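Numbering (the numbering used here), first residue to last: 14 to 479. Here the structure comes first, spelled out in structure tokens, and everything after it is commentary.
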Amino acid sequence: MTAEATQVRAIPTERARSEAWWVFPAVPLLAAAIAFAWTLHGELQRMYGMTSEAWDLAYDQQVIWNITQGQGFYSSFARANFLGIHFELIFVVLAAIEKLWPSPTVLLIFSSAGLAAIAPAAYLFFRALLPADRAASPWLAVSLAAPIPFWAAIQEPARDFFHPENLALPFALLAAWAGIRDQVYTIAVLAILMRSYGAPEIKKHWRFVLYLAGAWFLIGTGIVQQTLRQGGYSDFSYYRWVLGLDPNMPVSPLAIAEALVRPQALVILAAIFGSMFALPLLAPRWLLLAVPPYLADVLSEHVPQNDLHLHYVLLLLFPLMVAGGIGARNLLLRRSIKPAVALVAIIPPLILGWGTGRFPPSVDARASVYERPNSVADLRHATAMIPADAPVNADAGLCVWLANRHTINDFPDKLDNGAYVVIDEDTYIGANTDAALRQKALDALPSSRRLLYDDGRFQVWSPVGD
């Protein structure tokens, strides 16, 4: 009788567990939806408030517009074929969408979706990696995955508007999940889509994926990209100083040591470890996979990159998340953890995201650039006189709204006599604008150009001699 009663009680318990399976993936999906709305809202505030960056938002938008017009991957910012600088064929997909809706908002939607999708992709990866016979496994997978879009490290690419890299990490995690589940064809497709993040952990098909990724790198980056580049800076130009080839940055053991422990980079790195409850430390061999991308970032002389700021931190996240997932598995294999304790892992990333992040409402966010009013209608009215095919040179925050043309540049870069000049008298001076050089060029405008429009905010100047 006792045994029968036990069996009867077990039936509803098992049924309840099977019926509630959807709760675990629902949490990271909900987190992704919230993160998508949060990130997109902030990015749109900046773009509509004229505080976005010409590099790389307007830069990418202009290339994509050229693709929609059958003009290839031409970039007027670089005066070169974009594929010779960044071999990003995904721009063709974005161009197909912009053929129907030619707006830079498309790029921000994809960027926000890519960053938000990290949460459900990470949940699948962690859930497949953690031991199936541990009650705490689904809880820990949720706790690790759901907060990821709110990490301080993820706020960096969110601040950087659009980069193709913003779409890659979910594919990398899905490729790793497919590898664990032994789905070879899924792996093959995803391995190409996330080639920047290296080969995922797989089972018997690792050689196939490794060869596929290597062939893609050699053919795409090593041959096609170099052919399209036709000179210009190389992929290794930011590392010339390490070899003693840059006279402006003498190399020494002290200089290299200082680069390896850059304070800004260490803050970001510490926040990532804290966001994963230091679990990567429990998988030291896997943690070594993070060393090459870390060195690639901090040894670069490119300032946002060596600080692990903006989208450059993404390169480091995949190996750290793999190490964190394996560290979590090792922890559960060594000791039993109650589900409630596993949920504690959700707290540190939220606190660290608010305390060290730079996307509002985080403490270090530059709130003023997100608070300017929508000025798009005024800008469109001011620039209505400019022919659609005319070259334009505009202040950085305006460029993205004027980028749907063959030639656009941020003022005063590549300013030539045939370009219309559009000035924002309340301009946002971004990271890529030299304020002194801009002012000098601005002072010189009346000597050779006519002022065609001035509403107190926006000015439009004619080409020289017009």
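Ideal placement from N, C-alpha and C gives every residue a C-beta, glycine not left out. Values in this document were obtained by computation on a predicted structure and should not be read as measured data.
Can you tell me the Cβ-Cβ gap for residue i and residue j, rounded? I've got them flagged as a contact below 8 Å.
i	j	result
L157	M289	7 Å
P293	G340	5 Å
F139	G370	22 Å between Cβ atoms; not a contact.
L363	P332	Contact flag wrong, Cβ pair sits at about 23 Å.
L128	P160	In fact, because the Cβ distance is near 13 Å, the residues do not count as touching under 8 Å.
Y325	P317	6 Å
L415	I436	Contact doesn't hold; Cβ gap of about 12 Å is too wide.
P425	L450	6 Å
L153	A355	4 Å
W474	Y433	7 Å
P177	A134	With 8 Å as the limit, P177 and A134 do not qualify as a contact, their Cβ atoms being about 17 Å apart.
F123	V237	That pair is no contact at about 24 Å.
Can you name the start and end residues of the beta strand (DSSP E) that residue i belongs to?
i	result
N422	I421 to D423
Mark residue i as exposed unless 16 or more other C-beta atoms lie within 10 angstroms of its C-beta, in which case mark it buried.
i	result
F249	exposed
I77	buried
L346	exposed
P117	buried
R393	exposed
E384	exposed
Y441	buried
R463	exposed
E32	Because the pLDDT at E32 is just 47, under 50, the model does not fix this residue reliably, and the point stays unresolved.
G469	exposed
S89	buried
T446	buried
N319	buried
I103	exposed
E438	exposed
R194	exposed
I359	buried
R298	exposed
R379	exposed
Y224	exposed
S349	exposed
M334	buried
W51	buried
I285	buried
W34	exposed
V405	buried
M63	buried
L365	buried
N79	buried
D479	exposed
E271	exposed
Alpha helix (DSSP H) containing residue i: first to last residue?
i	result
V405	From DSSP, V405 is part of no alpha helix (DSSP H) but of the beta strand (DSSP E) over V405 to A407.
I281	P276 to S288
F372	Counting along the chain, F372 falls outside any alpha helix (DSSP H), and DSSP gives it neither H nor E.
P170	A165 to R172
P160	Element bounds for P160: n/a, residue is neither H nor E.
A3	With the chain covering only 14 through 479, there is no way to say anything about residue 3.
Q238	No alpha helix (DSSP H) contains Q238, which DSSP labels as neither H nor E.
W299	P297 to L300
P38	V36 to Y61
L113	Note, L113: premise wrong, no alpha helix (DSSP H); not H, not E.
I339	L327 to R347
T417	According to the sequence shown, residue 417 is Asn rather than Thr. From DSSP, N417 is part of no alpha helix (DSSP H); its letter is neither H nor E.
Q13	There is simply no residue 13 to check, as the chain begins at 14 and stops at 479 in what is shown.
H394	V389 to A395
Y307	V304 to V311
R140	I131 to L142
A355	P352 to A355
A317	It is worth fixing the name first, because residue 317 is Pro in this sequence and not Ala. Its alpha helix (DSSP H) spans residues V316 to N319.
Would you list the residues sitting across from residue i in a DSSP beta bridge?
i	result
A93	S88
Does residue i get closer than 8 Å to chain B when you measure Cβ to Cβ?
i	result
R418	As a matter of chain content, chain B is missing from the structure shown, which is built from one protein chain.
Which ranges does the beta strand (DSSP E) cover as unbroken runs of at least 3 residues, wholly within the region 420-477, from first to last along the chain?
-> 421-423, 433-437, 464-467 and 471-474
Which runs of the alpha helix (DSSP H) spanning at least 4 residues fall entirely within the region 251-275, listed in chain order?
-> 266-273
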